[in-house]
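Per the working numbering, the very first residue in the sequence shown carries number 275; after that it's consecutive. No residue lacks a Cβ here, since even glycine has one placed at the ideal position from N, Cα and C.
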Amino acid sequence: MSFPLLTATAVLPAVGAIATAAVPATRRTAAKWLALLVSLATLALAITVLVRFDPDGARYQLTESHAWIADFGVRYELGVDGIAVALIALTALLIPFIVLAGWHDADPLETGNKRWRPTQGFFALILAVEAMVIISFEATDVFLFYIFFEAMLIPMYFLIGGFGDRAHAGSDENAAAQRSYAAVKFLLYNLVGGLIMLAAVIGLYVVAGNFSLQEIAEARANGSLDMATNTERWLFLGFFFAFAVKAPLWPLHTWLLNAMGEATAPVAVLITAVVDKVGTFAMLRFCLQLFPEASKWATPAILVLAVISIIYGALLAVGQRDIKRLVAYASISHFGFIIMGIFAMTSQGQSGATLYMVNHGISTAALMLVAGFLISRRGSRLIADYGGVQKVAPVLAGTFLIGGLATLSLPGLAPFVSEFLVLVGTFARYPVIGIIATFGIVLAALYTLVLYQRTMTGPVKPEVSAMPDLRMRELVVVAPLVVLLIFLGVYPKPVTDIVNPAVKSTMSDVHKKDPKPEVEAAK
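As structure tokens, this is what we get:
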């Protein structure tokens, strides 16, 4: 029996979460180091998965399958394709940086009445989320996926509601109320989506007789499972709605603004760079593979919603006064690009969308974490409270600029390649949608450069005149992300080589081929 590598990659952070939570309250530093070591060990396992995965091999590799709830056809089935491998690597890569960036975010507060904050719980919850996200990427049993798709809401709820941003304007009571509201809104939105998906999961079992993704997909492909058109469409909508809430897609996006605004910067990165990727990943793995005809039927409407997300998110980002809400609106715009690429039904679009998931995770982590370091120094999220930072903290300003330029998809930085592929793939089949989406790039340049100009340039405000530059721990967090942004911007081939075979399989699932160019290339 071979070593269960996929199980180990998900179980290690889960065990680490339990061990971290069990550290005595007087040993907060030990809990932090334990969480960091566990996250690094998980990264080592994720790299092993990456190395052992063969892009030219079977679609699903490193598979595991065991009986679980036999009476209902539920199995413990794991397997990864190129898309899942890339996202597992992204998740495992970002968690150590999130832990380091949040090193002091759960330290006891000394304001007013002393309030105890469970430091161990903060880091244990981060590891718990990592475990649930990784197994969601690995699960090839629909019911198993659903359990962890929903279970990750619990630790996220406590991370948002229990460990909020200290730079909140107003009284402690008001800050606590805002955190509670954001956490409850996050939970309710995602629970509603999950309950609708549960009905669709049950309906899928009634129709197919099991929950195995591979068996159902094979039965659909060979014609032994023929769903009625209306049945397939309703099941598709049930799945897609839950994933659209998680993604988040307009108009189901409003929970993200509150959650990112009230969470600490590392938790905000965990939300948008890690957890939200489960939604877009699931659109590729489940919606397109299980319901190919319904996916094609819904494509026009989804593309319209995606392009609204792109323009709406970018427009609202331009007018923001709060740094974190600006990044949240920018993320809504970027997720619109990802979903547009998925449903463009072209290999360039889907490859670009998958690459965008990876690149957006890195670029958002870089920008939001540096923004968090900035906010922790000044104690304010308002853009108007800054000015001239580049003169007193040039390294902080420089890394902030690189993160911002990556967000606007500057050529030479990682997001440019993915955004370009998404637009090319969309233009090939839906030129009008592609043209409208292009305006999102112009707006991205506007909100990013205005943000930098207002916070980093101009006269030095008295409140930031003594602001320290990035410390060593903060440089250790930011520097690797900047290096990755530049490396993948110049040479994205390592990621595209992994994801392209999986994209070809997905295109085959929906029986789509890339449209031929109107003008043949000269031979």
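- Specify, as a first and last residue, the run of the beta strand (DSSP E) that Ile-343 falls within. 335-343
- Nearest residue (CA-CA) to Thr-414, options Met-426, Glu-351, Ala-753, Ala-332: Glu-351
- Report the three-state DSSP secondary structure of Leu-465 (helix, strand or coil). helix
- Three-state secondary structure (DSSP) of Leu-352: strand
- Task: Measure the alpha-carbon distance for Ala-332 versus Val-549 and round it to whole angstroms.
- Result: 27 Å
- Are at least three pairs of beta-carbons, each pair with one atom in the stretch 356-371 and one in the stretch 316-327, less than 8 Å apart? yes
- Query: What's the call for Phe-555, buried or exposed, on a 16-neighbour Cβ count within 10 Å?
  - Reply: buried
- Can you tell me where the alpha helix (DSSP H) with Gln-727 in it begins and where it stops? 705-730
- Message: For the alpha helix (DSSP H) containing Arg-507, name the first residue and the last one.
- Response: 503-520
- Message: Excluding the 5 residues flanking Asp-596 on each side, which residues of the same chain have their C-beta closer than 8 Å to its C-beta?
- Response: Gly-535, Arg-655, Leu-656, Ile-657
- At 4 residues or longer, and completely inside the stretch 395-462: list those alpha helix (DSSP H) runs for me, N to C. 416-425, 427-436
- Query: CB-CB under 7 Å to Lys-786, same chain, minus the five flanking residues each way: which ones, in chain order?
  - Reply: Met-619
- Message: Considering Cα atoms alone, identify which of Gln-622, Gly-708, Leu-641 is closest to Val-773.
- Response: Gln-622
- Item | Of the listed residues Ile-585, Pro-668, Arg-745, nearest to Ile-707 (C-alpha basis) | Ile-585
- Thinking C-alpha only, which one of Ala-305, Met-781, Ala-537 is nearest Gln-452? Ala-537
- Message: Buried or exposed for Met-471, going by 16 or more other Cβ atoms inside 10 Å?
- Response: buried
- Task: Look up Leu-656 in the DSSP assignment and give the residues it is bridged to.
- Result: Asp-596
- Query: Given a threshold of 16 other Cβ atoms within 10 Å of its Cβ, counted over all protein chains shown, does Ile-709 qualify as buried or as exposed?
  - Reply: exposed
- Query: Apart from the five residues on each side of it in sequence, which residues of its chain come closer than 7 Å, Cβ to Cβ, to Lys-665?
  - Reply: Val-734
- Outcome for Met-746 when other beta-carbon atoms lying within 10 angstroms are tallied against a minimum of 16: exposed
- Task: Excluding the 5 residues preceding and the 5 following Leu-324 in the sequence, name in chain order all residues of the same chain whose CB lies nearer than 7 Å to its CB.
- Result: Val-359, Ala-363
- Excluding sequence positions up to five away, which residues of its chain have a Cβ less than 7 Å from the Cβ of Val-669? Asp-743, Leu-744
- Query: Leu-641 and Gly-678 look like a contact to me (Cβ under 8 Å); what is the Cβ gap, rounded to whole Å?
  - Reply: 6 Å
- Taking just the CA atoms, how far does Pro-736 sit from Leu-577? 47 Å
- Message: For the alpha helix (DSSP H) containing Ser-739, name the first residue and the last one.
- Response: First-last for Ser-739: undefined, no H or E at that position.
- Task: Would you check whether the ligand PLP has a heavy atom nearer than 6 Å to the C-beta of Arg-747?
- Result: Looking at this structure, you won't find the ligand PLP or any other ligand, since it has none at all.
- Query: Anyone know if the C-beta pair for Leu-558 and Thr-780 falls short of 7 Å?
  - Reply: yes
- When we look at the beta-carbon of Gln-727 and count the other beta-carbons within 10 Å, is it buried (16 or more) or exposed? exposed
- What span of residues does the alpha helix (DSSP H) with Ala-667 cover, start to end? Neither: Ala-667 is in no alpha helix (DSSP H) and is coded neither H nor E.
- Locate the alpha helix (DSSP H) running through Lys-292, then write down its first and last residues. It is worth fixing the name first, because residue 292 is Ile in this sequence and not Lys. Unbroken alpha helix (DSSP H) run through Ile-292: 279-295.
- Task: Give the straight-line distance between the Cα atoms of Pro-540 and Lys-790, rounded to the nearest whole angstrom.
- Result: 44 Å
- Query: Could you give the residue range of the alpha helix (DSSP H) that holds Ile-772?
  - Reply: 767-783
- Message: Which same chain residues end up closer than 8 Å to Leu-717 when comparing Cβ atoms and leaving out the 5 residues on each side of it in sequence?
- Response: Ile-585, Ala-588, Leu-589, Ala-591, Val-592, Ser-607
- Message: To the nearest angstrom, how far is the alpha carbon of Leu-280 from that of Ile-408?
- Response: 9 Å
- Counting along the chain, where does the alpha helix (DSSP H) carrying Ser-313 start and finish? 302-326
- Query: Is it true that the stretch 297-307 meets the stretch 423-432, where meeting means three or more beta-carbon pairs spaced less than 8 Å apart?
  - Reply: no
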